[in-house]
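Heads up: the sequence lines are chains E and R, in that order. Mapping of the first sequence onto the numbering used here: position 267 corresponds to residue 267, and the numbering continues sequentially without gaps. Mapping of the second sequence onto the numbering used here: position 20 corresponds to residue 305, and the numbering continues sequentially without gaps.
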Amino acid sequence: MSAVDALPAIASRNRFFDALAPGGRRALFVLGIIGVCLLFAFPVFWLVLTSLRPGYAVYYVHRGTDFTLDNFHEVLSQEIVLRALWNSLAISTLATVLSLGVTVTSGYMLSRFRGPIPNLWFSAIYVFRCVPYVSWVLPLYFVTRALGIFDTYWGLLLPHVAVHICFFSWIMKGFFDGIDPSMEYAAMIDGCSRWGAFLRVALPAAIPGLTALAILCWLYTWNEFLFALILTAQKTPILTVVMAQFVHELGMEWHLMSATAVLSLGPALIVTIFGQKYVIRGLKI
Amino acid sequence: MAEVTLSNVRKTYPGGVAAVKDFNLHIADHEFVVLVGPSGCGKSTTLRMVAGLEDISGGTIAIGNRIVNGLQPKDRDIAMVFQNYALYQHMSVYDNLAFGLRNRRAKEADIDVAVRGAAKILSIEPLLERRPRQLSGGQQQRVALGRCIVRNPKVFLFDEPLSNLDAQLRAQMRLELKELRQRVPTTSVFVTHDQVEAMTLGDRIVVMKDGLVQQVGSPLALFRHPINRFVASFIGSPAMNFLDMAVAAQADTFRLTAEGVAIELPQLRFPRLGAQVGRSVTLGLRPQHLRLGSAGNGAQVAFSGNLMVTEQLGDEQLLAVRIGSGDLRVSGVDPELALTTGTRIDLVVPIESLHIFEGSTGAAIR
Numbered sequence: 001m002s003a004v005d006a007l008p009a010i011a012s013r014n015r016f017f018d019a020l021a022p023g024g025r026r027a028l029f030v031l032g033i034i035g036v037c038l039l040f041a042f043p044v045f046w047l048v049l050t051s052l053r054p055g056y057a058v059y060y061v062h063r064g065t066d067f068t069l070d071n072f073h074e075v076l077s078q079e080i081v082l083r084a085l086w087n088s089l090a091i092s093t094l095a096t097v098l099s100l101g102v103t104v105t106s107g108y109m110l111s112r113f114r115g116p117i118p119n120l121w122f123s124a125i126y127v128f129r130c131v132p133y134v135s136w137v138l139p140l141y142f143v144t145r146a147l148g149i150f151d152t153y154w155g156l157l158l159p160h161v162a163v164h165i166c167f168f169s170w171i172m173k174g175f176f177d178g179i180d181p182s183m184e185y186a187a188m189i190d191g192c193s194r195w196g197a198f199l200r201v202a203l204p205a206a207i208p209g210l211t212a213l214a215i216l217c218w219l220y221t222w223n224e225f226l227f228a229l230i231l232t233a234q235k236t237p238i239l240t241v242v243m244a245q246f247v248h249e250l251g252m253e254w255h256l257m258s259a260t261a262v263l264s265l266g267p268a269l270i271v272t273i274f275g276q277k278y279v280i281r282g283l284k285i
Numbered sequence: 286m287a288e289v290t291l292s293n294v295r296k297t298y299p300g301g302v303a304a305v306k307d308f309n310l311h312i313a314d315h316e317f318v319v320l321v322g323p324s325g326c327g328k329s330t331t332l333r334m335v336a337g338l339e340d341i342s343g344g345t346i347a348i349g350n351r352i353v354n355g356l357q358p359k360d361r362d363i364a365m366v367f368q369n370y371a372l373y374q375h376m377s378v379y380d381n382l383a384f385g386l387r388n389r390r391a392k393e394a395d396i397d398v399a400v401r402g403a404a405k406i407l408s409i410e411p412l413l414e415r416r417p418r419q420l421s422g423g424q425q426q427r428v429a430l431g432r433c434i435v436r437n438p439k440v441f442l443f444d445e446p447l448s449n450l451d452a453q454l455r456a457q458m459r460l461e462l463k464e465l466r467q468r469v470p471t472t473s474v475f476v477t478h479d480q481v482e483a484m485t486l487g488d489r490i491v492v493m494k495d496g497l498v499q500q501v502g503s504p505l506a507l508f509r510h511p512i513n514r515f516v517a518s519f520i521g522s523p524a525m526n527f528l529d530m531a532v533a534a535q536a537d538t539f540r541l542t543a544e545g546v547a548i549e550l551p552q553l554r555f556p557r558l559g560a561q562v563g564r565s566v567t568l569g570l571r572p573q574h575l576r577l578g579s580a581g582n583g584a585q586v587a588f589s590g591n592l593m594v595t596e597q598l599g600d601e602q603l604l605a606v607r608i609g610s611g612d613l614r615v616s617g618v619d620p621e622l623a624l625t626t627g628t629r630i631d632l633v634v635p636i637e638s639l640h641i642f643e644g645s646t647g648a649a650i651r
């Protein structure tokens with residue numbers, strides 16, 4: 001009955017496409033896809049192009065035929081860029097490992113347990129998420145200075161881990177909500193403790209989601225700029241900040257900035273390509 | 286192998302909702318008991334308390350000679366089958382079956398013997414290397430059963446294990462479960478909302494409603510002598526017909542009347558109806574007990590009404606006969622019989638097949 005009712009609505013919704021020949025419909029679809037792809041890919045393409053041009057030619061990227069790898073050579077010969085590359089890699093990886101360790105258990109608790117502690121935790125996360133991200137930066141600056149961890153790994157790691165826990169606990173809760181708890185009950189009857197049921201049954205079942213989160217976490221920290229800008233200085237340079245520092249009193253060195261950006265794109269691209277199928281699978285649960 | 290005893294078991298959730306109120310039951314060794322009732326009646330909660338997945342608010346549960354109230358599920362020596370099978374998705378069927386034994390640190394050689402033995406009983410040997418996702422619903426349920434058998438526990442617990450299967454498979458699994466009982470006799474508690482499953486599988490049935498046990502008895506006892514209107518309506522298919530009637534006393538009979546129907550019952554056979562004179566009672570008639578024809582003698586009661594609908598099932602016909610403002614369902618009518626809807630039809634029922642319930646409480650009057 002309801003299916004019959006729904007038919008005319010569907011027909012009218014598709015009337016515009018029905019008027020087109022089947023081939024035309026497909027052509028329109030493909031054109032749309034290409035348009036969207038261009039929209040996203042063009043800036044990246046332009047960036048790569050700029051990074052391959054000599055310094056004097058960056059404002060005429062669309063003209064001229066001189067291309068060079070000198071920009072990369074120059075950037076990579078600066079010690080601070082190499083250190084920043086290493087720091088970014090290390091901090092992204094450490095932040096991912098640390099925050100996932102907490103996020104998994106916190107998401108699991110939010111999904112499976114009721115009571116004052118989960119409620120309090122949930123409220124804390126909620127409040128944190130309500131406050132604009134930017135407004136944390138200044139207090140964090142003072143706190144890290146007071147603790148003597150300003151411009152160190154910990155000074156950047158801890159804020160990142162805190163942000164990740166708040167953002168990703170909810171997602172992790174969603175993953176665990178999608179996993180039937182009776183699997184854990186079965187494990188408990190099969191001889192596991194409550195903790196054992198989590199570790200041996202729920203956690204392995206959440207691996208696809210966990211992988212997706214790990215990748216999102218890593219990319220988030222890798223791309224993050226604001227915390228890195230405020231909470232680090234000369235001792236612990238971070239790639240996103242170093243990149244921005246090619247703007248100075250003598251002007252902007254777009255070619256060097258682009259080369260650094262392309263360098264920073266590399267690892268992110270590898271992670272994304274490698275992790276794409278996990279992200280998609282993970283977000284589907 | 287063990288007995289299970291529940292004494293005054295209660296479950297009250299925070300917030301004061303009482304899911305189970307004063308549950309008492311003794312389950313004998315190797316007995317198969319079915320808890321049945323509508324959703325929210327507390328049957329699953331009771332089972333989960335036996336399993337140790339829910340705290341017990343009051344009373345005691347004993348498995349064998351041991352009170353298990355404070356014990357973890359893993360220490361109760363039970364096995365459970367869940368509605369959605371609850372197989373470990375990231376393990377092969379073999380590892381699913383072996384999981385419980387590995388947790389108990391059994392020797393890998395012994396585990397192999399036990400797993401292959403259980404797989405043989407359930408004919409799932411070819412599936413051992415597969416993942417649960419690659420199995421059909423029936424196969425998954427067999428693996429879940431295998432996980433129980435392998436452990437050789439004191440008690441099997443079943444939480445609506447057949448509800449996710451389609452009707453045909455459910456009927457088949459019912460048979461397999463019965464067969465399994467003979468091969469692996471174990472004390473079992475089976476929860477279902479399906480009265481057919483309850484009737485076919487249970488040695489004894491516990492009918493529950495609103496957290497209270499309504500009646501405990503063998504399938505036949507529940508069918509023949511339901512203790513109240515709820516049990517009468519819940520057990521039996523098609524469901525029992527009910528007519529609300531007023532009671533009046535006459536010389537040596539009680540006269541029961543409702544819109545469009547009046548019957549007389551001998552006082553000698555229904556002595557306890559005397560207390561209901563001037564009140565209303567509910568008459569219960571099983572569709573199977575109603576026959577076409579007019580009353581031949583005092584051992585039968587007659588009804589007459591308009592035939593509204595006939596349903597041909599091949600081996601029988603089902604009828605709906607309008608009496609007063611309600612319909613009486615009649616089953617077991619000769620399928621060859623040509624009946625015209627809209628015509629008047631006479632029905633009789635033997636007096637001994639009548640069920641009478643108090644109008645106010647619904648309790649059976651015998």
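All C-beta atoms, glycine included, are put in the ideal place defined by N, C-alpha and C.
Taking 8 Å as the upper bound for CB-CB distance, Y185 (chain E) and T236 (chain E) are not in contact here, some 47 Å apart. CA-CA distance, A605 (chain R) to L505 (chain R), rounds to 26 Å.
Using a Cβ-Cβ cut-off of 8 Å, P358 (chain R) counts as an interface residue toward chain E, since at least one Cβ of chain E sits closer than that to its own.
The region 511–540 of chain R contains, as complete alpha helix (DSSP H) runs of 4+ residues, the segments 514–519 (chain order). A distance of 8 Å or more separates the beta carbons of A205 (chain E) and H510 (chain R). 8 Å or more divides the Cβ of G115 (chain E) from the Cβ of S169 (chain E).
By the Cβ rule, the region 464–481 of chain R counts as touching the region 437–455 of chain R, because three or more pairs are nearer than 8 Å.
Of the residues assessed, L210 (chain E) falls on the buried side of the cut-off, its CB having 16 or more other CB atoms within 10 angstroms.
For E393 (chain R), the enclosing alpha helix (DSSP H) starts and ends at E393 to I406.
As DSSP reads the structure, L140 (chain E) sits in no beta bridge. Put simply, the backbone Cα of L69 (chain E) is about 60 Å away from that of Q425 (chain R). Among the residues of chain R, none has a CB under 8 Å from the CB of D66 (chain E); the nearest is roughly 56 Å distant. Under the Cβ distance rule, A524 (chain R) does not count among the residues neighbouring chain E, no pair being separated by less than 8 Å. Residue pairing for Q597 (chain R): DSSP places it in a beta bridge opposite R:Q602. The beta carbon of R427 (chain R) sits no closer than 8 Å to any beta carbon of chain E. Every unbroken stretch of the alpha helix (DSSP H) spanning 4 or more residues and falling wholly within the region 180–223 of chain E is given here in chain order: 182–189, 194–197 and 207–223. Boundaries of the alpha helix (DSSP H) harbouring Q467 (chain R): A452 to R468, taken from the DSSP string. Straight through space, the alpha carbons of P470 (chain R) and P323 (chain R) are spaced by roughly 28 Å. According to the DSSP assignment, V241 (chain E) belongs to the alpha helix (DSSP H) that extends over L239 to A244. Straight-line measurement puts the Cα of T595 (chain R) at about 36 Å from the Cα of Q368 (chain R).
In this structure, L528 (chain R) sits near V546 (chain R), with a CB-CB distance shorter than 8 Å. The criterion of a C-beta distance shorter than 8 Å is satisfied by V321 (chain R) and A483 (chain R). Burial is judged here by how many other beta carbons sit within 10 angstroms of a residue's own beta carbon; H248 (chain E) has fewer than 16 and is exposed.
For the region 368–379 of chain R, the beta-carbon criterion of a distance under 7 Å to any beta-carbon of chain E is satisfied by N369, A371, Y373, Q374 and H375. Counted as a single uninterrupted DSSP element, the beta strand (DSSP E) harbouring E643 (chain R) occupies residues H640 to E643. Excluding the 5 residues flanking it on each side, L454 (chain R) has same chain C-beta neighbours closer than 7 Å at G422 and G423, in chain order.
Selection R:S616, R:T331, R:F519 and R:P635 evaluated against N293 (chain R) yields R:T331 as nearest (Cα-Cα). Chain E places no beta carbon closer than 8 Å to that of R466 (chain R), leaving this residue out of the contacts.
Counting every other CB atom within 10 Å of its CB across the protein chains shown gives I348 (chain R) a total of 16 or more, marking it as buried.
Within chain R, the residues whose beta carbon sits less than 7 Å from that of V201 (chain E) are Y373, listed in sequence order. According to the DSSP assignment, F367 (chain R) belongs to no beta strand (DSSP E), since it is labelled neither H nor E. Looking only at R:A524, R:V492, R:R514 and R:R557, the smallest Cα-Cα distance to S329 (chain R) is reached by R:V492. Scanning R:S579, R:D395, R:G563 and R:Q419 for the CA closest to the CA of R540 (chain R) turns up R:G563. The beta carbon of I636 (chain R) sits no closer than 8 Å to any beta carbon of chain E.
Counting of Cβ neighbours within 10 angstroms places S111 (chain E) among the buried residues, the total reaching 16 or more. Per DSSP, V302 (chain R) is not a residue of any beta strand (DSSP E), being assigned neither H nor E.
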